[in-house]
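Position one of the sequence shown corresponds to residue 0 (numbering that gives the first Met the number 0), numbered consecutively onward.
Let me begin by presenting the structure, written as structure tokens, before commenting on it.
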Amino acid sequence: MRPLALTRQLLTASLLALSACASLPQETPFPLPSQSGSPTDWTAVFARPTDIEVIPLVTGEIEVDRSLLLDLDNTALADRKDRKQWVPVVAYLVRHPTRGAFLIDTGFDSSFSRSGHGNFGGLAPLFDFARQSQGHDTASLLREAGTPPEELQGIFLTHMHSDHTAGLPELPHSVPVVTGRGALSGYESPVYASNDHLEGIREVQALDFSSVPESLGGRVLDVFGDGSLFALSTAGHTEGNVSYLVNGRRGPVLLTGDASHTREGFEQGVAPGKVEDRKAANASLAHLRELMATHPELHVRFGHEASDWDLSRGIQDAL
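Structural data, given as structure tokens:
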């Protein structure tokens, strides 16, 4: 392609993306139960597991720079070089015994089985950076797992980056979407992705951690008030970033989201390379590491750790 033609194509794509991002959903408070404060004793919490379960759904892979996953300027990784690598894009089906089924993050919709950029907008259609096996989109995997998308009671987003929102277009718009407070400000740059993922969604419900005192794990909310699902404020990667802890009978599971992309980063205490607030990202990772060090019985699953999963399967074993 001639340089002038490419420049025109880039400019056109950017302008289209900018126009698509003209409006975002309204942010409203998430209706927390009265018993939603931070736990003062995680040992007591884990001694009372609940009948909640979490089923990971591997919905595809995305190719990224290692420097996005890890802060390669950190001295702990002085010998690491930047390179491209494929990492999984995961959603989590959470089944609560009385409240029903929920998603944590939304993975990829079926458009990623048809092209290497799926439903990403902006300049994304000029590149191939994603892949998905047929039938491994989030909506199809939900049906295969026995929970049709129409039965979802809510969608909890760890943050608003496009690899976490790309399943939304094929999920019912009537299902409430929940984020951390301020997370909408971190929606992807229009040069990279349009807000088509949010089309038809008029509001998002926001978890507000501002009145919660810090404890082990940082600022924590008991989402349902019954000790089954906890939201942990892990701001830094983006504003309003949230990690989740599921307290089920197979043992407590910490889902870091993109507060820690990889096992290596978590174990070395190295935050992601792409963050909005480096100081906050480092502090959030330190809170999660402290929780894990104090409670080694925690099973930890990271934002994009390939070794956590059998990538040939969409539906993984329940955690």
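The beta-carbon is built from N, C-alpha and C at its ideal position, and this holds for glycine as well.
Predicted model only: the values in this text are computed from it and were never measured.
To the nearest angstrom, how far is it from the Cα of R249 to the Cα of S22?
42 Å
From the DSSP output, in three-state form, read off T164 for me.
helix
Let me make sure I understand the geometry here. Which of H135, Q34, R288 and K83 has the alpha-carbon closest to that of S66?
K83
Looking only at DSSP bridge pairs, what is S283 linked to?
Beta-bridge pairing links S283 to no other residue.
Write down the C-beta distance between G217 and H286 rounded to the nearest angstrom, noting that I regard them as a contact closer than 8 Å.
Rounded to whole angstroms, the Cβ separation of G217 and H286 is 4 Å, and the two are in contact under 8 Å.
N118 and D225 look like a contact to me (Cβ under 8 Å); what is the Cβ gap, rounded to whole Å?
Beta-carbon to beta-carbon, N118 and D225 are separated by about 36 Å, too far to satisfy the 8 Å threshold.
Using a threshold of 8 Å, state whether the C-beta atoms of L167 and L151 are closer than that.
no
For a test of the three-state rule: what should DSSP assign to R218, helix, strand or coil?
coil
Suppose you measure from the CA of T49 to the CA of L125; what does that come to, to the nearest Å?
47 Å
In the DSSP assignment, what residue or residues form a beta bridge with Q25?
E202
Taking only the alpha-carbon atoms, compute the straight-line gap between H116 and T39 and give it to the nearest angstrom.
A straight line joining the alpha-carbon of H116 with that of T39 spans about 45 Å.
Under 8 Å Cβ to Cβ from E149, same chain only, skipping five residues before and after it: list those, please.
Within the same chain, E149 has close Cβ partners P171.
Report the start-end ranges of each alpha helix (DSSP H) in the region 79 to 136 that is 4 residues or longer and not cut off at the edges.
none
In or out: T137 buried (at least 16 other Cβ within 10 Å) or exposed?
buried
What is the rounded straight-line gap between the Cα of L318 and the Cα of P55?
8 Å
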